[in-house]
Amino acid sequence: MKRKVVRYETHMNLLCDDGPVFTKMPVYAKTSEEKLIERMVRRCMNHLKCKDYELGIKKHHVTEAVSCTKVVNKGWCSVATYGGKDVIQINLAYWQHGKSGWHKEYDAFDKCPVIGGRYTKSLEEDLWMSVSHEVAHHVQHKFGPRCRWLKKTWRKPHGQGFKTIYAILRSKIVNPILDQGTDS
Ligand SMILES: [Zn+2]
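Numbering (my numbering), first residue to last: 566 to 749.
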């Protein structure tokens, strides 16, 4: 896919023995999928700013989450979608993306009516599921250690801490959007 270059940025590379080497790197225009995913990350993070959740998420954390969001397109790789303290990565080629049918969740809670799998019928609906899941991972790792109610549970990848954050995002944002979709 040919992508539009919006500008060039100069990067300093210190790998050379003779001193820094400067290279010009193209900055590409965002694709519609990237814009959509960034909007989803922003919406999820903005919701979690609510003081009642005691997560300590501020406006600048929302910006940080959006800027650490990476959209990749890696076929033949089933796990390139993940979320961590400093990265939220969504793989457009993930097998569950853009395939209508049951969007499966993690085995242990796939059948849960709140955070479990759902029938989806568009890439956008699949992305709501994946983005909110990865945002929950990002939040557990970045805010868990300092959060009163997450202190004991944030470490386990799909443990209670993760599940509670994900349940907030699913019940308040994602599930209502998916419910609307089924009415039309
Ligand atoms: Zn996960």
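Ideal placement from N, C-alpha and C gives every residue a C-beta, glycine not left out.
- Per DSSP, the unbroken beta strand (DSSP E) holding Asn578 starts and ends at Val570 to Asn578.
- Contact between Ala630 and Met610 is confirmed by a C-beta separation of about 5 Å, below the 8 Å threshold.
- Taking Lys676 as the centre and dropping the five residues before and after it, the same chain places no C-beta closer than 7 Å to its C-beta.
- His702 counts as buried, since at least 16 other C-beta atoms from the protein chains shown sit within 10 angstroms of its C-beta.
- The region 578-593 and the region 612-632 do not touch, with fewer than 3 CB-CB distances between them shorter than 8 Å.
- Around the beta carbon of His625, fewer than 16 other beta carbons lie within 10 angstroms, which makes this residue exposed.
- Here the C-alpha atom of Arg720 lies approximately 25 Å from the C-alpha atom of His668.
- The beta carbon of Glu619 lies closer than 8 Å to those of Cys712, Arg713 and Trp714 in the same chain, with the five residues before and after it left out.
- The beta-carbon separation of Ile738 and Arg608, rounded to 6 Å, stays under the 8 Å limit for a contact.
- Not one heavy atom of ligand 1 sits closer than 8 Å to the Cβ of Phe674.
- For His706, the enclosing alpha helix (DSSP H) stretches over residues Leu688 to Phe708.
- Within 10 angstroms of the beta-carbon of Lys623 lie fewer than 16 other beta-carbons, which makes it exposed.
- Look at the beta carbons and you see the region 677-689 not touching the region 635-655: under three pairs across the two are nearer than 8 Å.
- Annotated three-state conformation of Ile622 is coil, per DSSP.
- Contact check for Ser597 against Ile655 fails: the beta carbons are separated by 9 Å or more.
- By alpha-carbon distance to Ser665, the top candidate from Gly682, Ala673, Asp672 and Thr634 is Gly682.
- Between Gly621 and the set Val704, Lys717 and Met577, the nearest pair of CA atoms involves Val704.
- Around the beta carbon of Val627, 16 or more other beta carbons sit within 10 angstroms, so the residue counts as buried.
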